[in-house]
Structures are given as structure tokens and as C-alpha cells.
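Structure first, commentary second.
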Amino acid sequence: MTISSAARAPRKSVAFKSPRLPRWRSPLHGSDLGWAIAFVVPYAVLFAAFVIYPMAYGLWMGSDPALYTALLADPRYLRAAINTIAFVGLAVNGQMVLALLLSGFFARRRWWIKALLIVYVLPWALPAVPAYLSFHWMLVAYPQGLIDNLITALFGFEGPFWFNHGWLALGCDIVADVWKWMPLWTLIFLGGRMAIPQDLYDAADVDGASPFRRFAHITLPLLAGLYVVSTLIATIWSFGDYAPVLFISAGTPAFESEVVSTLGFHYALDFANPELGVAAGLSVMPLLIPVVILLILRLKAVEVQL
Amino acid sequence: MSTAAAALEPDLRARVRRRRFLVEAGSLVLGAAILIWSLVPVYNMFLVALDPGGHNEFSYEIWPSQPTLGVFADLWNADDEDVRDIWPAFGNSIYIGVMVMAFTVLIASLASFAVGRMRLAKDWSLSGVALLTYAIPASTLIIPFLRIMHIYGLTDNLWAVIAAEVTFATPYAILVLQHYAKLIPSELDDAARIDGASAMQVYLRIYMPLMAPALAAVGTYALLFAWNDYFYQYMLLLSEKHTTVAMALEQFFDDDDAPWNYMMAIAILYSLPPIAIFYGLRRFMASGLTLGGVRG
Chain A
94 MTISSAARAP RKSVAFKSPR LPRWRSPLHG SDLGWAIAFV VPYAVLFAAF
144 VIYPMAYGLW MGSDPALYTA LLADPRYLRA AINTIAFVGL AVNGQMVLAL
194 LLSGFFARRR WWIKALLIVY VLPWALPAVP AYLSFHWMLV AYPQGLIDNL
244 ITALFGFEGP FWFNHGWLAL GCDIVADVWK WMPLWTLIFL GGRMAIPQDL
294 YDAADVDGAS PFRRFAHITL PLLAGLYVVS TLIATIWSFG DYAPVLFISA
344 GTPAFESEVV STLGFHYALD FANPELGVAA GLSVMPLLIP VVILLILRLK
394 AVEVQL
Chain B
356 MSTAAAALEP DLRARVRRRR FLVEAGSLVL GAAILIWSLV PVYNMFLVAL
406 DPGGHNEFSY EIWPSQPTLG VFADLWNADD EDVRDIWPAF GNSIYIGVMV
456 MAFTVLIASL ASFAVGRMRL AKDWSLSGVA LLTYAIPAST LIIPFLRIMH
506 IYGLTDNLWA VIAAEVTFAT PYAILVLQHY AKLIPSELDD AARIDGASAM
556 QVYLRIYMPL MAPALAAVGT YALLFAWNDY FYQYMLLLSE KHTTVAMALE
606 QFFDDDDAPW NYMMAIAILY SLPPIAIFYG LRRFMASGLT LGGVRG
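Here it is, written out as C-alpha cells:
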């Protein structure tokens, strides 16, 4: 902040008019304005046709207050709402914290760590449906599932029925979600770490700083902005993520591990009540919209800073 | 003083050596844990696919005693009624994935060029508007989408899925492109402008080549997005000839009598294209993934 504002100050004081360089400064005019508008038109059309219209339609579908009283009267919905908060909170924070710590591990310069990174990003490149189906088959009960077989082989007792208990089933979905998305954030944090000037760490070494203090006083403050933006994006994505619940626990037992988005599907498809399904999805908006606004403000602040 | 230092030295050296050993041992243990964590579900896919039992006859073990690649040969010959339609489904999935990739890159790069480089508006206004896409969960918007695609005449049309997936992939693409574009000095644009280049030429000759790492990252992201999706395909595509692989996998999942080794074999084949593209472009896009680096 201080550096960039210092760099900015002299530019402002040099207020002479540059001899008409054909720079793109707003306001654009003439053919440039035409080009710029033509370049934005595809996205504007896409946005109007596939964001504004469906959103308006969705809000209209879910506008009847009776839908929400029906939701609140449904214990399945209440459980799904709590599950959604648990899923988003645990999966997002879990993958973010682990990714931040592991990015430090992967920043070490060893050939075998570089090779390991190639394997480590595999879950991210693996499509969701096959990956989560594999999780499902790994966790089905003894004697079929690999995990329970491993538990029996290693410890001699039978593993639990993973999908027989709501919280256990949801926990499996959360672990799978962390497994799938942690590599992406690790790569992003790794990129962030690589951009930190090495002199800062050298100076800390001269001062005799411990690894923990180097992390707490150099890495953490410099990655904080990236961490916040990444966490906000991950939170937004997680609210709409149905795949782990749909393919791993499938909501078992008896709707106890559903999240709001999968329960919305059941309302819309199995119970032939699309309005209620939309209302279930819209009910997370009070949580989701502040996150979106925070992200937009954060990006705006970053731009001012740059 | 000097004798004291000399006496301390072996002790200190031993301590440093011990600490270094502990760090190395610790990272090896961590590395092994990461390897197992990353690969167990992948291993499980092969375990199921290579199981000779076939239709519902499980011989689940930790290590396959009689692994067979027969299931892949069966898929190739498509002599089983369960898998006869899988190759057209692959065609549909690839078509959707490639189109989502191309259109996300094209639309996002054009918009972020106009706003970020030509300064049609403030940078954050574009990403801000784009991020509003996420204000309602994508999984909820599918229900109004279904009706709107009907109004647009895109019922049971692959382009309905392409449009929906491009819609949800583009905001993040714009975010990444705008951050990366800040690394490219605007003087390059100015120089080209002085030489009389039109906006289109600057976009094609300067912006696109210099943005290549970010475009690779965004394209891979869009492809993975299309490959990860299941529900938009399931909801918007109705007829059998428009079935995608993700939908076919889900049908296996729903059907208690389905041959699970075929399902996992298809799952493995379905995983190959994004993995190939991801690792092919990995070096290229590493710098495109940084999301603005530390300056955030």
C-alpha cells in the first residue's frame, strides 16, 4: 500500500499533457469505442440471456412466501441447511488451511517433491463424477469397500458403515471435496509463495528467525490477500456444489446427509415441485450474497492498490 | 573464549545435523502420506475395473488376485448391451468440452481485453458484474434454465449445455485474465497503436500471444468445468443420442444390476482426456494460475 501510493505520487505531480499519444484512455471515441463495445457484446449477450433472465425467472419462481414456510416446516430442509453450513465451512476452511501449509512443503527444492506435485494435482484433473463414484465404492461397507477391507487387514476389526449415519456420511463427502479441490488452491498458493522475494527470507535468517516466525511474519502477511480472495471464491463454489453429496453419500441415510442443492433436486424432480426446489436454493442467498459482495469489494481494493 | 567456541562446535554441529535429519525424515513421511492420500481413490478405480467378476460378482480384495484388462476389450468391441452406446456418449462429451473451452476463452478474453486494456470501463466493474453470476448457486439456476432453454428452442440440444457451462466458467476466467493482463505493460499496446494497428490487431497480435499462459490456464479450467459437470447435462439433454459420459456413469450408479467393472473402466477412460490436457499444458500454464500473486 505504502509503496504503491509512493510510486503513484510523482506520476500525479507530473501533470503536463503528453503530446497526443494514441493511448487508450477513457473516454474512448470513434472506431476504438466501436471495437471495445463489439468486444464486450458477446459477454453482454451471454450475461443477459443466461444470467439475468434465468435469475429473474428463478427469483419469480421462488417469490411465494408460502414456499419458505413449507421449507421451514420440513425437517429434511432444516437438516440440509445445517449440513450445507457444515459442508461449506469445513470443506472450504479445511482445504484452504491444508493447501496453505502444503504449498510450503511443495515450495521446497527437492526433485522428489517436484515429482510428487505431479501426482498430487491428479485429483484436480480427475473429473468429478468418476472420482466421487470411486469414493462411493471405496466406502461401501465390508466386505466390498476398499477402506473397510484395509481397516480389517490392518487392524483386524470391521470398519463402520460409512453411509449409515448422517454425520459420518457428510464427513465422507467433505473429505472427498477437500481431496478434489485442495490441489488447485495449493498450486495457487505455491504461485503466490514463489512471488515472495527471497531477500525477505534471507533477512529473516540473518535475524535468526525460526521457521514458524518466518511463516507468521513474512509468508502469512504477504499471502493474506490471495488467501482471502481464494477462500471467498471457494466458498461461493461450494454453496452450489452438489456432486460429492449426490455421488458419494447420495443423501443417505433418509435425507440426513443432503445439502440444500441436492435436496432442491429432490424437491424438483422426485416430488415434482420445482418451485420448492428453487426456494430451497434461494434460501442460501442471505449467506451467499455477502460473500459475493465481499469478493467484489476485495477485488476493487486490490485494483486500487496495484 | 576461542576454546569455549571450539568445545561448543561439535555439539552445535550435531544439533544442526540432527535437526536437518528430522526435517528430511518428516518431509519424507509427509510425502508418503500425500502420495497415498492422492492415489487411493485412483487405485480403487483400477481395482474395480480390473476385477474379473463382472456383473455384480464381487471379488473385492485389497490387491486384485486375477486382474484382467478384458473389460477394456469388451468396451472396445461394445458387445455388451450396457456399453453399446458409450462411444457416441464420448463424442458428445468431447464436443461439449471443446466448445465450452473455446467459447469461454474467446468470450472472456474479448471482454477482458476491451475493459482491461482498452479501458472501456473500470477493471473491477467487469469482474464485479461477472461475479454476480454466482449470486444464486448454479445448482439452483438449473431449474429456471430448463424452462428458459425451452423458450429459446434449445430443448435437448447440446448447445444448451454448452451455453450453461460457458456462463458459469466465464466469470472465473475473466478474473484470472484480468489479473494476468496487469503483468503486460500497456506500452506494448501504445507502441502498436502508434504503428497504426487497429484494436483487433492489438488483440490478435499482442494481447493473445502474451496472455498465452493465462489462456491455457483458463481453457483448462473451462474444460475441467465441463468435464466435472453432470447435472446440467442430465437436466438439459433428454434423448438417448445426446447422452454424455457423465450421464451414462450416473445411470450405472443408479442401476443396481449394472456391471460395476464396466462403470469404472468407462470412468477411467473418461478421466484420460482432461488429465492429458492438464499435464500437456501444465508447464505452459503454471504462471497463468497465480491469481494476481502476492500483491492481493
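Chains as they are written, first to last, in the numbering used here: chain A, 94 to 399; chain B, 356 to 651.
Using N, Cα and C, we set each Cβ at its ideal position, and we do this for glycine too.
- Within a 10 Å sphere around the beta-carbon of A:N176 sit 16 or more other beta-carbons, which makes this residue buried.
- By the criterion of a C-beta distance shorter than 6 Å, B:W431 is surrounded by no residue of its chain, once the five residues flanking it on both sides are discounted.
- The C-alpha of A:A336 lies about 11 Å from the C-alpha of A:P223.
- With contacts defined as CB atoms closer than 7 Å, A:M148 and B:I491 qualify as a contacting pair.
- The C-beta of A:F305 has fewer than 16 other C-beta atoms within 10 Å across all chains shown, which makes the residue exposed.
- Closest by C-alpha distance to A:N366, out of A:L160, A:V353, A:F254 and A:V377, is A:L160.
- Boundaries of the alpha helix (DSSP H) harbouring B:P526: L513 to A536, taken from the DSSP string.
- Assigned with DSSP and collapsed to three states, A:V233 falls in coil, not helix or strand.
- Only buried fits B:R548, as 16 or more other CB atoms lie within 10 angstroms of its CB.
- Residue ranges of uninterrupted alpha helix (DSSP H) with 4 or more members, entirely inside the stretch 470 to 503 of chain B and ordered along the chain, are 478 to 486.
- The residue among A:S331, A:L387, A:L390 and A:L339 with its C-alpha nearest the C-alpha of A:G182 is A:S331.
- Separation of A:S342 and A:W255 (C-alpha to C-alpha, rounded to the nearest whole angstrom) is 8 Å.
- Using a Cβ-Cβ cut-off of 7 Å, A:K207 does not count as an interface residue toward chain B, since no Cβ of chain B sits closer than that to its own.
- For the pair B:I630 and A:G370, the CB atoms are not nearer than the 7 Å cut-off.
- In the structure shown, A:G151 falls within a helical segment according to DSSP collapsed to helix, strand and coil.
- Within a 10 Å sphere around the beta-carbon of A:E368 sit 16 or more other beta-carbons, which makes this residue buried.
- The beta carbon of A:M287 lies closer than 8 Å to those of A200 in the same chain, with the five residues before and after it left out.
- Using a Cβ-Cβ cut-off of 7 Å, B:M504 does not count as an interface residue toward chain A, since no Cβ of chain A sits closer than that to its own.
- Using a Cβ-Cβ distance cut-off of 8 Å, the stretch 522 to 531 of chain B and the stretch 454 to 469 of chain B are in contact, since at least three pairs of beta carbons, one from each stretch, lie closer than that value.
- Remark: C-beta atoms of B:I449 and B:I517 do not approach each other more closely than 7 Å.
- In this structure, B:D544 lies near B:V557, with their beta-carbon atoms less than 7 Å apart.
- For A:M154, the CB contacts under 6 Å within the same chain, skipping 5 residues up- and downstream, are E368 and V371 in chain order.
- Using a CB distance below 7 Å, the part of the stretch 214 to 245 of chain A facing chain B consists of L215, P216, A218, L219, P220, A221, V222, P223, A224, L226, S227, F228, W230, M231, P236, Q237, L239, N242 and L243, ordered along the chain.
- At least one C-beta of chain B is nearer than 7 Å to the C-beta of A:W128.
- Rounded to whole angstroms, the separation of the alpha carbons of A:L277 and A:G284 is 11 Å.
- A:F180 has its alpha-carbon roughly 24 Å from the corresponding atom of B:A388.
- Annotation: the continuous alpha helix (DSSP H) that includes A:L239 extends over L239 to F248.
- Contact between A:V353 and A:A174 holds, since their C-beta atoms are separated by about 6 Å, short of 8 Å.
- Within chain A, the residues whose beta carbon sits less than 7 Å from that of B:P629 are A218 and P220, listed in sequence order.
- Taking one beta carbon from each stretch, the stretch 387 to 405 of chain B and the stretch 616 to 625 of chain B have 3 or more pairs nearer than 8 Å; the two touch.
- For B:L592, no Cβ of chain A is located within less than 7 Å of the residue's own Cβ.
- The stretch 566 to 586 of chain B makes no contact with the stretch 499 to 511 of chain B: fewer than 3 CB pairs, one atom from each, lie closer than 8 Å.
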